[in-house]
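S.K.: Handing you this structure, nothing more for now.
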Amino acid sequence: MLSTDFKPAVAYVRVSTGEQTVENQKIAIEEWARNNGYLILKYYEDEAISGKIPPLKRQGFRRLIEEIVGLKPRPIVTIVYELSRIGRSFYETLEAVKALETLETPLVSISPKESFLQTLDPSIRKLVLAIFSWVAERERELLSQRTKEGMRRVKLEGKPIGRPMKVIDKKTVISYLEKGLTMSAIAKILGVSSKTLKRRLVEWNINPWEYKWKNSK
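If you count the sequence shown from 1, position 127 lands on 126 in numbering that gives the first Met the number 0, and the numbers rise without skipping.
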């Protein structure tokens, strides 16, 4: 039975190569959690996974997102060693942080340099997310500029231009619908627009209102 003296939490750890281990991160997280009144219910791990891979495409992080709603007791935070464990791209890191905020299990970093992510004060977290969003937008603008320059160069070379369709897992979407999540919440978690998600549901012949009706019974 969970002691009422501790606040329930989950933790995410990641290392980039097979030679590294997540144990050092776990030890640091356990110590910080104990000193700050948290109890780690479960660890989610991605080993030998590069930070270049988006968080929502990693097995461990995806499992965290999928399971966190159903954990008992309900964790109130997701703890990481530092933000770099989430990802290298600021935009992709922001999307992961937003997904956890949407699931009401905000990200907490134990890094002293990221102590601003240790507060659960809603007003402060909104400010932090606003700053993150600004930085991520600047990153996207720079990437967009580089992409346009690259496409212009490819076009001049006579090569084809295009990008693959965003992959959305049908079973994952159905799982979220069955748990009562809204369309906008699911779209945020998956890192796609609501329009894209709705288009996929039409392709799969899935009516989200049927799940909403079932959950209201």
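All C-beta atoms in this analysis are idealised placements derived from N, C-alpha and C, irrespective of residue type, glycine included.
Check whether the stretch 131–143 and the stretch 164–180 are in contact - that is, three or more C-beta pairs closer than 8 Å.
M.R.: no
S.K.: Reducing DSSP to helix, strand and coil, say where Tyr-80 ends up.
M.R.: Here residue 80 is taken as the residue at index 81 of the sequence shown, counted from 1. Three-state result, Tyr-80: coil.
S.K.: If we count the other Cβ atoms within 10 Å of its Cβ and call it buried at 16 or more, is Glu-202 buried or exposed?
M.R.: The residue you call residue 202 lines up with position 203 of the sequence shown. So Glu-202 counts as exposed.
S.K.: Could you have a look at Pro-221 and say whether DSSP puts it in helix, strand or coil?
M.R.: There is simply no residue 221 to check, as the chain begins at 0 and stops at 216 in what is shown.
S.K.: Tell me the DSSP bridge mates of Val-12?
M.R.: Sequence index remark: in the sequence shown, residue 12 carries index 13 (1-based). Glu-44, per the DSSP bridge assignment.
S.K.: Following the continuous alpha helix (DSSP H) through Val-153, name the residue where it begins and the one where it ends.
M.R.: As a working mapping, residue 153 is identified with position 154 in the sequence shown. From DSSP, the alpha helix (DSSP H) with Val-153 extends over 121–155.
S.K.: Leu-102 by DSSP, collapsed to three states: which one?
M.R.: Locating residue 102 in the sequence shown gives position 103, where the first residue counts as 1. Looking at Leu-102 - three-state DSSP - the assignment turns out to be coil, as it is neither helix nor strand.
S.K.: Report the three-state DSSP secondary structure of Val-21 (helix, strand or coil).
M.R.: Along the sequence shown, one-based indexing puts residue 21 at 22. In this structure, Val-21 counts as coil in the three-state DSSP scheme.
S.K.: Buried or exposed, going by whether 16 or more other CB atoms sit within 10 Å of the CB of Gly-17?
M.R.: As a position in the sequence shown, residue 17 is number 18, starting the count at 1. Under this definition Gly-17 is an exposed residue.
S.K.: Taking C-alpha atoms, which residue in Leu-176, Gly-69, Trp-208 and Lys-56 lies nearest to Lys-41?
M.R.: For the purposes of this step, residue 41 is taken as residue 42 along the sequence shown, with counting starting at 1. Checked all of Leu-176, Gly-69, Trp-208 and Lys-56; the closest Cα to Lys-41 is Gly-69.
S.K.: Just mark Ser-114 as buried or exposed, buried being the case when its beta carbon has 16 or more other beta carbons within 10 Å.
M.R.: The residue you call residue 114 lines up with position 115 of the sequence shown. When all chains shown are included, Ser-114 counts as exposed.
S.K.: Between Glu-177, Gly-190 and Val-14, which has its C-alpha nearest Val-166's C-alpha?
M.R.: As a working note, residue 166 is residue 167 in the sequence shown. Closest option to Val-166, Cα to Cα, is Gly-190.
S.K.: Alpha carbon to alpha carbon, what distance is there between Asn-34 and Lys-178?
M.R.: Here residue 178 corresponds to residue number 179 of the sequence shown, with the count starting at 1. Here residue 34 corresponds to residue number 35 of the sequence shown, with the count starting at 1. Going by the C-alpha atoms only, they are around 33 Å apart.
S.K.: Could you tell me whether the stretch 121–132 touches the stretch 43–60, where touching means 3 or more Cβ pairs closer than 8 Å?
M.R.: Output reads no: the stretch 43–60 does not touch the stretch 121–132.
S.K.: Are the beta-carbon atoms of Val-79 and Ser-122 separated by less than 8 Å?
M.R.: Stepping through the sequence shown from its first residue, residue 79 is reached at position 80. Stepping through the sequence shown from its first residue, residue 122 is reached at position 123. No, the pair does not count as a contact, with Cβ atoms beyond the cut-off.
S.K.: Taking 6 Å as the limit between beta carbons, can you name the residues of its chain near Lys-6, skipping five residues before and five after?
M.R.: Numbered from its first residue, the sequence shown carries residue 6 at position 7. Around Lys-6: Gly-36, Tyr-37 and Ile-75.
S.K.: If we count the other Cβ atoms within 10 Å of its Cβ and call it buried at 16 or more, is Ile-64 buried or exposed?
M.R.: Within the sequence shown, residue 64 is the residue found at index 65, counting from 1. Answer is buried; the Cβ neighbour count reaches 16.
S.K.: Using C-beta distances below 6 Å, list every residue in its chain close to Gly-59, excluding the 5 sequence neighbours before and after it, in chain order.
M.R.: Numbered from 1 along the sequence shown, position 60 holds the residue referred to as residue 59. Once the five neighbours on either side are set aside, the close Cβ partners of Gly-59 are Tyr-43, Glu-44 and Asp-45.
S.K.: Do Leu-106 and Leu-116 have their C-beta atoms closer together than 8 Å?
M.R.: Within the sequence shown, residue 106 is the residue found at index 107, counting from 1. Within the sequence shown, residue 116 is the residue found at index 117, counting from 1. Yes.
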